[in-house]
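Taking it in order: structure first as structure tokens, then the write-up.
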Amino acid sequence: MSGIVLSKGIRNNLLQLQNTASNIATTQGRLATGKKVNSALDNPANFFTSNSLNDRAGDLGDLLDGISNAIQTINAANNGITSITNLVKSAQSTAKQAIQSSPTTGRLTGSGTSAAVLNSATSLTTNLGFTAGDTITIGDGTNTLTLTVGAAGSYAGVTGGGTTTQTATVGSVQDILDAVNATTNGVANLQSTAALTSDGKLQIESVGLNAVSLQTNNTATNASVAALGFVGANGATALSGTGTTNATRNTLAAQFDTILTQIDQLAKDSGYNGKNLLSGDSIKVVFNEKTGALQNSLSISGVDDSSTGLGINKSSNKFQTDKNINDSLTELTNALAGLRTQSSSLGSNLSVVQARQDFTKQTINTLKTGADNLVLADQNEEAANLLALQTRQQLSQTALSLANQADQGVLRLFG
């Protein structure tokens with residue numbers, strides 16, 4: 010009210026009392042909110058800087074979820090690799106157990122009238138009487154070794170299973186023995202040996218086969234061919250022999266194939282949250298809130314850890330030959346080496362992601378601490394300030410009362 014005139018002393022004391030009341034209100038607000046900067050009006054620089062730091066901390070906090078998922082995805086894949094490794098070792102043990110048992114052997118030996126084709130072989134060790142173009146075939150119905158006869162004393166083509174071509178001299182029985190022994194071991198699933206028995210008969214054994222046959226086809230009739238029981242005039246004669254299959258190897262081969270099926274299923278079950286690093290999926294782990302070229306991330310490529318992806322084939326020929334088993338053992342050894350490499354790579358990536366997770370958490374803590382330092386109030390300091398202001402308020406009220414009493418002394422002059 011502008012019409013009221015206050016003395017200088019009263020006005021000064023009133024002003025001090027008003028300032029004290031305002032400071033008390035501010036201090037009480039800081040104590041209530043815990044902040045010394047509640048809006049841009051309190052301190053624009055601190056207010057906006059604090060908000061910026063808190064925003065970045067929030068962005069990094071959102072990334073922690075993705076980092077955590079990546080860690081669990083890697084852990085799931087690593088657990089899968091560990092289990093697959095154990096299964097591969099189990100398959101190795103099964104294969105090694107199989108190779109300790111005897112392989113299947115099919116034997117073809119000249120005997121009796123039905124095997125006249127093999128009789129009297131020793132009488133022709135010098136000259137078989139074949140002409141160029143005649144063939145001798147050894148096979149099991151699927152895999153074959155064909156000897157094509159050339160001129161006596163010359164080299165002729167030898168084809169095994171249609172996949173390998175070598176040369177051999179087949180001008181005598183000994184040449185046939187040498188050619189069979191030298192070439193059939195290179196033909197898939199046809200590991201045969203040829204020899205003359207003590208009674209002068211030709212004997213062929215094929216390891217891993219329960220049946221083996223010998224067939225000839227000549228281009229012309231001649232006495233030497235007839236002596237071996239071959240039919241002339243472009244005819245053909247075949248002789249077969251049989252053996253027994255190793256039941257133990259059959260059983261172990263089935264167990265081996267079952268293990269490979271389990272490897273396939275385990276690889277499919279090694280995913281996490283829709284991502285499976287063992288089924289070819291890849292993941293990208295983002296480490297900062299930036300985009301484009303400024304973004305920091307780690308890409309982890311998936312692999313195929315099924316039996317096919319590891320290069321492990323089902324048991325061949327039911328493990329009836331040592332070669333079948335040794336081939337599988339080689340595949341298993343290579344698979345183990347690959348699994349160890351994958352495990353090492355995943356372990357390295359896991360260490361990187363975990364380190365970035367810890368770093369991100371520490372960075373978030375630093376950002377929040379810095380933001381709080383800019384706007385938070387010291388509760389102890391503010392409490393002390395409030396006590397001091399309340400004391401000052403009481404003193405101001407007393408001073409105002411004294412100033413008012415001084416003015417009242419003037420009235421006594423008129424009393």
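For our numbering, count along the sequence shown from 1 and bump the result up by 9. All C-beta atoms in this analysis are idealised placements derived from N, C-alpha and C, irrespective of residue type, glycine included. Remember, predicted model here, so these are calculated numbers, not experimental data.
Residue i to residue j, Cα distance in whole Å?
i      : j      : result
Ala85  : Tyr281 : 6 Å
Gln371 : Gln101 : 47 Å
Gln399 : Phe57  : 32 Å
Lys284 : Ser360 : 19 Å
Ile83  : Lys293 : 12 Å
Ser288 : Asp68  : 31 Å
Thr29  : Lys299 : 48 Å
Ser324 : Asp367 : 48 Å
Leu341 : Ser308 : 29 Å
Asn87  : Gly356 : 8 Å
Leu62  : Lys377 : 7 Å
Thr254 : Phe328 : 10 Å
Asn32  : Val295 : 48 Å
Ala256 : Phe265 : 14 Å
Ser354 : Leu286 : 12 Å
Asn78  : Ser306 : 14 Å
Asn60  : Ala66  : 10 Å
Gly89  : Ser337 : 22 Å
Gly301 : Leu72  : 16 Å
Gly170 : Asp331 : Interpretation of Gly170 is limited by its pLDDT of 40, a score under 50 that renders its predicted location unreliable; the figure taken from the coordinates is listed afterwards. So the two alpha carbons sit approximately 18 Å from each other.
Thr339 : Lys105 : 11 Å
Leu411 : Ala397 : 21 Å
Asp64  : Ala380 : 10 Å
Ile272 : Asn259 : 20 Å
Thr91  : Ser99  : 13 Å
Asp290 : Asn389 : 56 Å
Gln402 : Gln37  : 14 Å
Ile76  : Gln25  : 58 Å
Leu52  : Ala34  : For the sequence presented, residue 52 should be read as Asn rather than Leu. The straight-line gap from Cα to Cα measures roughly 17 Å.
Ser110 : Ala263 : 15 Å
Val97  : Ser310 : 22 Å
Asn55  : Asn297 : 24 Å
From the DSSP output, in three-state form, read off residue i for me.
i      : result
Lys457 : The displayed coordinates of the chain run from 10 to 424. Any statement about residue 457 would go beyond what the structure contains.
Val362 : helix
Leu287 : coil
Ile76  : helix
Ile108 : helix
Asp313 : strand
Thr134 : With a pLDDT of only 38 at Thr134, under the threshold of 50, the placement of this residue in the model should not be trusted; the figure read from the coordinates follows. Thr134: coil per DSSP, three-state reduction.
Val295 : strand
Leu50  : coil
Leu24  : helix
Arg116 : Interpretation of Arg116 is limited by its pLDDT of 46, a score under 50 that renders its predicted location unreliable; the figure taken from the coordinates is listed afterwards. Residue state, collapsed to three classes: strand.
Lys323 : coil
Ser306 : strand
Lys377 : helix
Lys98  : helix
Lys44  : strand
With a 10 Å radius around its C-beta and 16 neighbouring C-beta atoms as the bar for buried, classify residue i as buried or exposed.
i      : result
Val221 : A caution first: Val221 carries a pLDDT of 47, below 50, which makes its placement in the model unreliable, though a value can still be read off. By the neighbour-count rule (16 or more Cβ atoms within 10 Å), Val221 is buried.
Gln27  : exposed
Asn95  : exposed
Glu391 : buried
Thr103 : buried
Ala344 : buried
Thr407 : exposed
Asn358 : buried
Ser405 : buried
Ser132 : The predicted position of Ser132 is uncertain, since its pLDDT is 39 and thus under 50; a value taken from the coordinates is nonetheless stated next. Answer is exposed; the Cβ neighbour count stays below 16.
Ala346 : exposed
Asn22  : buried
Leu50  : exposed
Leu319 : buried
Just confirm the distance between the C-beta atoms of residue i and residue j, as a whole number of angstroms; I'd bet it's less than 8 Å.
i      : j      : result
Gln351 : Ile80  : Contact doesn't hold; Cβ gap of about 17 Å is too wide.
Gly70  : Ile373 : 6 Å
Ile108 : Ile334 : 4 Å
Leu40  : Leu395 : 7 Å
Leu409 : Ile19  : 6 Å
Leu348 : Ile93  : 6 Å
Are the stretch 265 to 277 and the stretch 310 to 319 touching, with three or more C-beta to C-beta distances below 8 Å? yes
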